[in-house]
Each structure stands twice: as structure tokens, then as C-alpha cells.
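Chemist: I have a structure I would like to understand better, so I am pasting it below and will then ask my questions one at a time.
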Amino acid sequence: MQDSKKWDWSVGEKTIQINDWNKSYVWVEEYQTSPDGEKIGAIVRVDEESSGICINGDLFENTFEKIWNFRFSPNGSATALVADMDEWTVSVDGMVWENQFDYIWDMRFSQDGDVTAVAFQKDGKYGMAVNDTMWENTFGNMTGMTLNRSGSKSAAVVQVVPFSEGEISKFQKGIFSVCENGEAWDGAFTNIWDIALDDSNPVTAATIRTDLYHYTISVNNTPWSTTYSCVWEPAINPKTGAVSAPVKTSSGWTLAENNHLIWNRRYKQVWGHQYLPGGKNIAAIVSPQFGKWTAAVDDNAWTVLFNEYAGSLTISPDGSHVAIIGQTDGKWFYALDGKISGMHFDRIWEPVFSADSNHLACKVEKNGGFSIVVDGKLFSETFEAVWEPVFSPCGKFVLLKALNGGVYLRKVIAVDQI
């Protein structure tokens, strides 16, 4: 990950002309920006036979027949999936991996960006490749790929029991397992979803279906003894390694941890739960009544309700604040610690907290233009496109990355001037 302390946080604006890119190339695809905002890039079609990656107006030397999923990694590397002669690989800052595949997809990064992983198909088998190293074992079917924050663990749901379309009984007995770093669990289940990995604990958890009608959580290949009519994605306590998940009981949805119900209330729905830093508290999106959505912290639901959607649960770095976005009657809002924003928007994106947890920003769309809102104040300028805002390490400044009239703008604004 780039050290944001080393970024240029001087108040002011830098610009890069991108209007000429459309004149120089057959076409230009969606623009992407580096974390520090100093670079803007895109996949460009160079001619009828080749595509390339253009960064700040300069084309990488290597071109390819096909390029997709271009983006900057957290450490600022320009990364994409590329193909020549129908063989796919990964390009990082213009340099390609040695391994080649029949197909690759689902590119993921570690939190610091030093690890890149992809799902691959090669010779009819599926696996994951991490920093150009393929799993030793491959499988006939694979879904649900994931990578932990440090990049030390890669995992996916894999088919370990072969069966044909007509072998229904074999499917019901279980054909899927979890594969970690190329090694599959011994057990097999009817279905598996939503693998959870943790950096602090040697714990891997997943949602499983034990037969056609019963769901539960498996932790390190050991299922909970209690099953439910439905279960959502598990989470791992960063301090204790305990595993929790939303579960559906006969009286409604609630939260279970280590095979025990820990919330007393029953909701119409519970999902997207997260542990707060320290692991002592849990927040989740809940539906306390049919068609109404909000957040709950430790089973205490907020009184603010949205009648269409609530999501993008975001917790401040120190755990003192919880924010969500929600939609009511076609209008989008954000809510912070149970209080709804005073203004509404046509669209709103996931909230972003400053490192000191004292400030909150969101990318928003209003009246056809894009901007940012910081601490409840809408920035006075609007743009054709805006990326997610980034706070300076001290929290006094915010980085705005935007497009307007064929110009890319990198703008640093003092928070108290918005």
C-alpha cells in the first residue's frame, strides 16, 4: 500500500489533459486513477489488432490482443488481465507473468497491494494463481474465490467429488469443499458459499448446506452442530477467532456466534455484519419490520428507517462511529450513528472515514453532476465524474479526483473550507 504520508497534500489542483486520448486511439475505455491521484489510466485500442494501457498520456510498450479489468493496485501498480494468441496472463506495470492460462478472472489484491491473485482455468481445470505461482492442485469446478488482507491465504469453493448431471443422490451427499492455498478440506458438502479468512487467527469459515434443506457454518472443516433454514456470510472476530453469522430461526433472523445465538431480538433480515475494532461489538444491517431497513449495533437497532435499501456498513478506524447509506422513496441518504443526513442525493457511495475517525466523506450524484459531501457539507463544485474521496493522514485535508471537460483534476481541499 502506498504510504499516504508521502503524498502531496498541498492545497491546490493538478490537471492532466485527456481529451486528446480519444483522437490518438481507436477507442478509450473506462478511466482509472491511482490511489494517490497522481496517475490516470485506461485501456486503449491502438489499432485493429492490439490494445494497450495508457497512463498520463503515455502508452506502455507492451500491447496485447485483449485487455480487461485494468486498475491500479493499492500500491499504485497498473495491473490488468491480458491475452495474446488466446493465452491469458497478468500484466503489472507493463511486465507480464510467466504463467499463461486458458482464461483468468476475479483479480484480487492484498491490502498493501504487494500480492495479486487471480482465478484461472488451464487444461480444463480450475485453481488460483498468487503472484505468478499456481496452486499445486486444480479442480473440475471452482467458485467463491477470496484472498485475505495480507495475501498469505487464498481460498475458493472447489468440487472434490466428480458427478454427472443425473447423479442427484451423489450431489445431495456432498461434492464441494473449501480449498486453502491449493489444499482442499477433507469434508464435502452439498453447497458452500462465502469463505471468511482472517490474518490474526488460523481460522477459515464458510456457509455450508448440509443437505437440500439445512444450512450452517463450517469452521476449519468442522460444521456447527445446529442447522438453520438459511445462513448468511460468516465473520471472524479479529481478537478471539470466534466465528459469527446471521442465521434464520423459526421466529426470524438473528446473530449466532460459535454455534450459540447471541442477539435476543428477531428481525425480518440481518446481513453484512462486521466486528468493530477490538472484537467486543458487532454491527449489522437489519430489517426490524417488513420493508424497513437500518443498522444495529450489539442488537440495538437505530430508529432511522429506510423503506427501499440500507447497506455499505462502514465502521470508523477507532470503532466509535458507524455509518450506512440508505434509500427512501427514491432518494439516497447517509446515516451516521443513527442520525440521517440532512440532505438527500440521486445516488451515494460507500462512506469513508478519516484516519482519526473525526470526519466522514462520500461520493455523491445530485442533479446530474458528481461531487463529494464531507461532514454533511456538499462541496460547491460538480464534475462529470468523481472517484472515492481520500483523507490525509492528519484528517485535515481531503483528496478529490475528478473529470471535467476532457481534463483530469487532482484537487486537495482543506476540510474546514468545504
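In this text, residue positions in the sequence shown follow this note's numbering: the first is 37, and each later residue adds one.
Glycine included, every Cβ here is placed at the ideal spot set by N, Cα and C.
Here the structure is a predicted model, which means the values were calculated and not measured.
(1) Could you give the distance in angstroms between the alpha-carbon of Phe326 and the alpha-carbon of Lys304?
(2) So, under 8 Å CB-CB, Val267 and Tyr251 are touching, yes? Tell me the CB distance rounded to an integer number of Å.
(3) Determine, using beta carbons only, whether Trp299 and Asp335 come nearer to each other than 8 Å.
(4) For Met379, which of Ile351, Phe389, Glu386 and Val410 has the nearest alpha-carbon?
(5) Check whether the stretch 342-359 and the stretch 304-316 touch, using three or more Cβ-Cβ pairs below 8 Å as the test.
(6) Would you tell me roughly how many angstroms separate the C-alpha atoms of Met181 and Thr152, rounded to the nearest one?
(7) Mind the definition here: the stretch 116-123 touches the stretch 57-75 only if three or more C-beta pairs lie below 8 Å; say whether that holds.
(8) So within the stretch 318-343, which uninterrupted beta strand (DSSP E) runs reach at least 3 residues, ignoring any that extend past its ends?
(9) Could you pull out every residue in the same chain whose Cβ sits closer than 8 Å to the Cβ of Arg302, ignoring the five residues on either side in sequence?
(10) Since Asn440 sits in a beta bridge, which residues does DSSP pair it with?
(11) With DSSP collapsed to three states, give me the class of Trp133.
(12) Whether or not the stretch 120-140 and the stretch 153-162 are in contact is what I'm after, with contact meaning three or more pairs of Cβ atoms, one per stretch, closer than 8 Å; do they touch?
(13) Rounded to the nearest angstrom, how far is the Cβ of Val358 from that of His395, given a contact under 8 Å?
(14) Just verifying my parser: in three-state terms, what is the DSSP assignment at Lys375?
(15) Give the range of the alpha helix (DSSP H) segment to which Ile89 is assigned.
(16) When you compare only the Cα positions, how much space is there between Ala319 and Leu233?
(17) Where does the unbroken beta strand (DSSP E) through Ser280 begin, and where does it stop?
(18) Using 8 Å as the cut-off, can you tell me whether the stretch 210-227 makes contact with the stretch 184-199, which would need three or more C-beta pairs spanning the two stretches below that distance?
(19) Starting from Ile204, follow the alpha helix (DSSP H) in both directions and report where the run begins and ends.
(20) Does the beta-carbon distance from Val448 to Trp45 come in below 8 Å?
(21) To which residues of the same chain is Gly405 closer than 8 Å at the C-beta, ignoring the five residues directly before and after it?
Modeler: If we stick to the structure as given:
(1) Using only the alpha carbons, I get a separation of about 6 Å.
(2) Their Cβ separation, rounded to whole angstroms, is 4 Å, which keeps Val267 and Tyr251 in contact under 8 Å.
(3) Their beta carbons are under 8 Å apart, which means Trp299 touches Asp335 by this criterion.
(4) Comparing Cα positions, the closest option is Val410.
(5) Verdict: yes, contact present.
(6) Rounded to whole angstroms, Met181 to Thr152 spans 13 Å at the Cα level.
(7) Judged by Cβ distances under 8 Å, the stretch 116-123 makes no contact with the stretch 57-75, as fewer than three pairs qualify.
(8) If one requires a minimum length of 3 residues, the beta strand (DSSP E) runs lying completely within the stretch 318-343 are 318-325 and 328-333, in chain order.
(9) These residues qualify, in order along the chain: Thr285, Ser287, Gly288, Trp289 and Thr290.
(10) Paired residues: Val443.
(11) In the structure shown, Trp133 sits in coil (DSSP, three-state: anything other than H, G, I, E or B).
(12) Taking 8 Å as the limit for Cβ pairs, the verdict is that the stretch 120-140 does touch the stretch 153-162.
(13) About 15 Å separates the beta carbon of Val358 from that of His395, a gap too long to meet the 8 Å contact definition.
(14) In this structure, Lys375 counts as strand in the three-state DSSP scheme.
(15) Taken as a continuous stretch (DSSP letters only), Ile89 belongs to no alpha helix (DSSP H), being part of the beta strand (DSSP E) at Ser87 to Ile91.
(16) Here the alpha carbons of Leu233 and Ala319 stand approximately 19 Å from one another.
(17) Unbroken beta strand (DSSP E) run through Ser280: Val279 to Thr285.
(18) Short answer: they touch.
(19) Run containing Ile204: Ile204 to Lys209, per the alpha helix (DSSP H) assignment.
(20) Annotated as proximal: Val448 and Trp45, with beta-carbon spacing under 8 Å.
(21) Excluding five sequence positions before and after Gly405, the CB atoms of its chain that fall closer than 8 Å to its own CB belong to Thr418, Phe419 and Glu420, given in chain order.
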